[in-house]
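The structure appears right after this line, and notes come after that.
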Amino acid sequence: AHCNCTCIAQTLGLWVQPRLGAWSDRINRRVPFVVGLSLIALAGIATLVSAIPLTRALGFNATNNSEDDDDSISRTTIVMAFLGFAAADICFDCLLIPGRSLLHDNSSSSSSSSDELFTGFQLGGKLLALLVGSSSTWKLGHSADAHFDACFAGAAVFLMGSVIAVLCFVDDRGSTYTILSESGSSDPTMNSCGAMDVETKQKSCVCGDEHREILASSSSSPRSILIYNENESQTDNKTGDEIMSSPSTYSYKPDASVLLCTVQAMGWLSILGQAFFWTSWRGEEVGCTDLVLSSVVGMATAGLLPLANARFGSASVWCGSELSFHLLMICTGWVSSSGSAPRVIGALSGVNYAVHATNGLIVATGIISDPRRRAQTIAMVNNTLPMAQLITALSGGAIAQYFGGGFESVFVCYGFLGALVTSVVWAISSRHGLFPRNI
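The opening position of the sequence shown corresponds to residue 247 in the working numbering, with each subsequent residue numbered one higher.
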């Protein structure tokens with residue numbers, strides 16, 4: 247049942263994410279999507295935790311009355327819980343799109359470590375979840391259900407506080423670009439700048455500490471101008487209409503995009519194989535310790551990643567890390583699940599998680615540099631996650647069963663496939679210069 251729910255949720259996620267990114271870019275807003283997705287996720291968590299009383303409130307039986315039925319929870323209650331889980335799962339995946347887009351919108355060109363910082367916070371949340379979820383000291387009355395409910399309640403409170411903070415302190419209106427119609431300004435932040443002559447080719451407007459380039463149309467549409475933040479690409483001698491209509495203003499490599507998503511999907515496949523089956527292979531307590539160490543190593547890697555990217559290039563660091571991680575997963579086929587070697591492998595896997603969650607997006611912004619497609623670009627890369635989740639849910643158990651029930655066979659198969667595909671893509675991209683090097 248869990249596999250079926252995962253398949254349904256991830257299939258829906260594959261459909262939702264690109265449309266969400268396109269919608270965010272079209273209206274040039276991020277905060278409404280952060281707030282909306284967070285509220286839906288909160289509703290999903292509440293439904294999951296309160297599935298039994300909610301089922302009863304709707305007039306259905308929450309438990310089975312038949313003594314012959316081994317399962318005391320009714321099918322309606324299970325469906326209710328899975329609906330809440332699916333809604334929260336989809337929204338949490340989708341939140342990365344407006345979240346990272348908002349971060350990019352408000353980062354200057356000199357702030358190259360914004361993605362690494364975002365990933366560091368992600369890994370910090372993963373570490374906290376592992377510690378709280380697996381620590382017996384947090385269990386209330388030694389009840390697994392109470393412990394489960396308390397963990398989700400804490401997550402919901404934290405998420406609600408984050409939403410309130412975003413609403414109070416973040417203003418994303420016109421953060422990427424603003425189209426001004428008629429003679430007035432549709433961006434409230436521009437009202438303090440005074441009147442603007444739209445007949446001029448290019449002017450500079452200083453509002454507080456912000457410096458914006460104002461590109462005015464002097465052709466057939468003199469009333470439409472486009473405003474870009476200081477961190478955007480240079481568009482000298484381009485009118486507003488030309489920028490909005492010309493696809494050649496920014497770089498876009500469709501072939502490179504396909505190769506990038508292929509490598510990213512292979513990376514997620516091995517990462518999710520480890521996430522789904524590592525504790526089953528190592529044991530719950532030992533496996534959780536391995537994953538905690540992985541998160542700690544990942545946080546340290548996120549802090550050092552800007553230096554590595556500056557020295558070797560983001561694309562090389564990304565491909566090299568992905569290949570190394572796949573080789574680590576292959577090594578699990580030749581070690582004992584009870585030895586110390588798996589702990590080392592588990593800890594080192596944190597290096598790739600930090601690189602995987604960061605550099606794939608950095609390379610993507612070099613392939614597709616148009617700020618008007620920022621959320622769509624992030625959605626394209628992020629959509630490899632539900633794709634890999636779907637593949638893992640459908641094939642992971644079957645692979646383990648085919649090879650006699652050993653979960654190391656899943657790690658080896660995913661690792662071998664990932665290493666092969668990543669090597670081929672890296673060779674092709676290096677030969678044809680598809681991935682940018684100096685980012």
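Note that CB positions come from ideal geometry on N, CA and C, so glycine has one too. None of these values were measured; they are calculated from a predicted model.
Top-ranked residue by Cα proximity to residue i, from the options
{"i": "Met626", "options": "Ile254, Cys253, Gln256, Leu260", "result": "Leu260"}
{"i": "Glu654", "options": "Val667, Ala634, Arg275, Ala521", "result": "Ala521"}
{"i": "Arg528", "options": "Gly559, Gly544, Ala587", "result": "Ala587"}
{"i": "Leu329", "options": "Leu377, Ala297, Ala502", "result": "Ala297"}
{"i": "Leu373", "options": "Gly679, Cys534, Thr301, Ala289", "result": "Cys534"}
{"i": "Ala303", "options": "Thr322, Ser541, Phe558", "result": "Thr322"}
{"i": "Met326", "options": "Gly305, Gly345, Leu341, Phe338", "result": "Gly305"}
{"i": "Ile324", "options": "Cys337, Ala308, Ile608, Ile336", "result": "Ala308"}
{"i": "Pro217", "options": "Ala673, Ile608, His678", "result": "As shown, the chain starts at 247 and ends at 685. That puts residue 217 outside it, with no answer to give."}
{"i": "Ser641", "options": "Phe558, Asp361, Gly519", "result": "Gly519"}
{"i": "Cys337", "options": "Ser526, Gly371, Ala392, Leu266", "result": "Leu266"}
{"i": "Asp395", "options": "Ser526, Val378, Ala639", "result": "Val378"}
6 Å CB neighbourhood of residue i in its chain, flanking five on each side removed
{"i": "Pro682", "result": "Gly612"}
{"i": "Ala547", "result": "A quick correction: the sequence has Thr, not Ala, at residue 547. Excluding residues within five positions, the ones whose Cβ falls inside 6 Å are Val597, Ala600."}
{"i": "Ser429", "result": "Any reading at Ser429 must be qualified, since the residue scores a pLDDT of 41, below 50, and its modelled position is unreliable; the value itself is stated next. Contacts found: none."}
{"i": "Ala268", "result": "Gln622"}
{"i": "Val416", "result": "Val277"}
CB contact flag (residue i, residue j, <8 Å)
{"i": "Ala665", "j": "Leu594", "result": "no"}
{"i": "Tyr498", "j": "Ile614", "result": "yes"}
{"i": "Thr623", "j": "Ala610", "result": "yes"}
{"i": "Ile291", "j": "Ala334", "result": "yes"}
{"i": "Leu294", "j": "Phe364", "result": "no"}
{"i": "Leu341", "j": "Leu283", "result": "yes"}
{"i": "Phe404", "j": "Pro344", "result": "no"}
{"i": "Leu376", "j": "Val538", "result": "yes"}
{"i": "Arg620", "j": "Asp271", "result": "yes"}
{"i": "Met545", "j": "Leu369", "result": "yes"}
{"i": "Gly652", "j": "Ala644", "result": "no"}
{"i": "Gly366", "j": "Gly549", "result": "yes"}
Cβ neighbours of residue i in the same chain (closer than 8 Å, five flanking residues each side left out)
{"i": "Val671", "result": "Leu505, Thr508, Val509, Cys565"}
{"i": "Thr257", "result": "Pro632, Leu636"}
{"i": "His602", "result": "Gln510, Gly513, Trp514, Ile517, Trp564, Ser567, Glu568, Phe571"}
{"i": "Val281", "result": "Val409, Val412, Leu413"}
{"i": "Leu576", "result": "Note that residue 576 is Ile in the sequence shown, not Leu. Cβ within range, chain order: Phe657, Val658, Gly661, Phe662, Ala665."}
{"i": "Tyr648", "result": "Ser655"}
{"i": "Ala502", "result": "Ile613, Ser675, Leu680, Phe681"}
{"i": "Pro264", "result": "Gln622, Ala625, Met626, Asn629"}
{"i": "Leu573", "result": "Gly661, Ala665"}
Supposed contact pair residue j and residue i - C-beta distance, whole angstroms, cut 8 Å
{"i": "Val590", "j": "Val543", "result": "About 10 Å separates the two Cβ atoms, so there is no contact after all."}
{"i": "Gly579", "j": "Trp524", "result": "Actually they are not in contact, since the Cβ atoms of Gly579 and Trp524 sit about 14 Å apart, beyond 8 Å."}
{"i": "Ser541", "j": "Asn605", "result": "About 18 Å; that fails the 8 Å criterion."}
Any non-hydrogen atom of the ligand ADP closer than 7 Å to residue i Cβ
{"i": "Ser296", "result": "Among the ligands in the structure shown, none appear at all, so the ligand ADP cannot be discussed."}
Contacting residues, own chain, Cβ-Cβ under 7 Å from residue i (five flanking each side not counted)
{"i": "Asp418", "result": "Arg275, Arg276, Val277, Leu348, Asp351"}
{"i": "Ser380", "result": "Cys534"}
{"i": "Leu346", "result": "With the sequence shown as reference, residue 346 is identified as Arg, and Leu is not the correct amino acid for it. These residues qualify, in order along the chain: Phe364, Leu607, Ile624."}
Every unbroken alpha helix (DSSP H) inside the stretch 586-644 [4 residues or more]: 587-613, 620-628
At what residue ranges does the stretch 278-357 contain a whole run of the alpha helix (DSSP H), taking only runs of 4 or more? 297-303, 321-340, 342-351
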